[in-house]
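Working notes for the structure below.
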Amino acid sequence: METNWNDFVNFYDWEFEFICKEQSKDIYFWLKMANLYKDEILEFGCGTGRISLILAKHNFKITAVDSAEKFIHKLIQKNNHKNLTPLVGDMTTFQSEKRFNLIMFPYSTFQYLLTKDQQIKCLLNAKSLLTENGRIILDISPHIAKGDSLTESIKLYSKWNSEMECQVSMYTSYVISDNIQYWEDDYIITDKNSKESYFTHKIALKNTELQEFKDLCSECKLTIEDIYGSFDLKNVSPDSSNILYIIKK
Ligand SMILES: C[S@@+](CC[C@H](N)C(=O)[O-])C[C@H]1O[C@@H](n2cnc3c(N)ncnc32)[C@H](O)[C@@H]1O
Numbered sequence: 000m001e002t003n004w005n006d007f008v009n010f011y012d013w014e015f016e017f018i019c020k021e022q023s024k025d026i027y028f029w030l031k032m033a034n035l036y037k038d039e040i041l042e043f044g045c046g047t048g049r050i051s052l053i054l055a056k057h058n059f060k061i062t063a064v065d066s067a068e069k070f071i072h073k074l075i076q077k078n079n080h081k082n083l084t085p086l087v088g089d090m091t092t093f094q095s096e097k098r099f100n101l102i103m104f105p106y107s108t109f110q111y112l113l114t115k116d117q118q119i120k121c122l123l124n125a126k127s128l129l130t131e132n133g134r135i136i137l138d139i140s141p142h143i144a145k146g147d148s149l150t151e152s153i154k155l156y157s158k159w160n161s162e163m164e165c166q167v168s169m170y171t172s173y174v175i176s177d178n179i180q181y182w183e184d185d186y187i188i189t190d191k192n193s194k195e196s197y198f199t200h201k202i203a204l205k206n207t208e209l210q211e212f213k214d215l216c217s218e219c220k221l222t223i224e225d226i227y228g229s230f231d232l233k234n235v236s237p238d239s240s241n242i243l244y245i246i247k248k
């Protein structure tokens with residue numbers, strides 16, 4: 000399925016602010032990891048720079064890669080920081096002359112890869128970009144593709160977007176099939192002259208269980224050094240909303 004991230008560029012930061020309050024605490028975790036492993040850092044799936052920009056402002060040198068060129072343009076527009084190298088690229092194929100001490104996959108980014116072949120290609124690619132003592136760190140959501148499909152759309156919110164001067168109503172539905180969750184988020188946008196426009200944001204993420212992830216790492220000859228169940232480094236529990244894998248060569 001083609002994910003239309005480019006079309007979503009004007010909504011991402013705005014929507015993240017109010018629907019991803021828990022996820023936004025990940026910044027403390029990434030700052031801690033950056034302090035531990037230091038420059039240079041590579042972020043895959045950087046979006047509009049929510050995390051990269053903060054790391055750059057804290058004096059870390061960071062290469063920020065995303066496959067959606069409009070997200071990279073937005074990041075540059077927000078702040079073309081001297082410590083930041085924003086690039087359009089795919090996490091399965093991106094190459095660089097640099098080698099990185101920390102390669103980050105925040106906020107379920109790795110789960111946009113829907114097949115085992117893509118996942119292996121991506122981990123091997125990251126391994127090829129890693130320094131000898133570097134770490135690959137992934138934030139995986141254990142809640143993806145669990146439970147039943149939601150085939151009838153429900154309204155998630157209706158809210159004023161002051162930057163775009165419009166009222167945005169968002170309806171969501173999803174289908175779960177073969178360990179993948181396929182979302183269709185419908186946006187109804189009403190401008191200040193009451194003119195309506197519509198947009199559908201489609202995304203698909205794959206569930207990746209602990210044993211499956213261990214198998215992927217062993218196939219790529221990577222070692223899982225630590226696994227945490229929260230951004231403040233607690234153990235994994237049934238309540239964990241994020242599983243954080245620390246991986247080395
Ligand atoms: C949920 S956003 C996360 C953005 C940012 N890391 C954050 O935490 O706010 C996921 C991002 O991953 C990017 N992405 C998806 N598949 C990708 C791929 N194969 N290679 C690089 N980026 C990808 C999307 O374009 C999107 O910007």
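Using numbering that gives the first Met the number 0, you'd call the opening residue of the sequence shown number 0 and step up by one each time. Ideal placement from N, C-alpha and C gives every residue a C-beta, glycine not left out.
- Item | Nearest to residue 245 (by Cα), restricted to the options 44, 237, 230 | 230
- Query: Does any CB atom of chain C fall closer than 8 Å to the CB of residue 235?
  - Reply: Looking at the structure shown, chain C is missing, and only one protein chain is on hand.
- Message: In this structure, how does DSSP classify residue 34 when only helix, strand and coil are distinguished?
- Response: helix
- By how many angstroms is the C-alpha of residue 209 removed from the C-alpha of residue 120? 19 Å
- Item | the region 112-132 contacting the region 157-166, beta-carbon criterion three pairs below 8 Å | no
- Since residue 85 and residue 29 are thought to touch, with beta carbons under 8 Å apart, how far apart are those beta carbons, to the nearest angstrom? Residue 85 to residue 29, Cβ: 17 Å. No contact.
- Message: Using C-beta distances below 6 Å, list every residue in its chain close to residue 54, excluding the 5 sequence neighbours before and after it, in chain order.
- Response: 33, 61
- Message: Using a Cβ-Cβ cutoff of less than 8 Å, which residues in the same chain neighbour residue 68 once the five nearest sequence positions on both sides are dropped?
- Response: 5, 87
- Task: Give, in chain order, every unbroken run of the beta strand (DSSP E) that is at least 3 residues long and sits entirely within the region 180-234.
- Result: 195-205, 222-227
- Item | heavy atom of ligand 1 below 7 Å from residue 133 C-beta | no
- Using 7 Å as the cut-off, classify the Cβ of residue 203 as near or not near the heavy atoms of ligand 1, replying yes or no. no
- C-alpha gap between residue 100 and residue 50, whole angstroms: 17 Å
- Task: Could you pull the start and end residues of the alpha helix (DSSP H) that residue 11 belongs to?
- Result: 8-18
- Item | With 16 other Cβ atoms within 10 Å as the buried cut-off, status of residue 164 | exposed
- Query: What three-state label does DSSP hand residue 299 in the structure shown?
  - Reply: Because the chain spans 0 through 248 in this model, residue 299 falls outside it and cannot be assessed.
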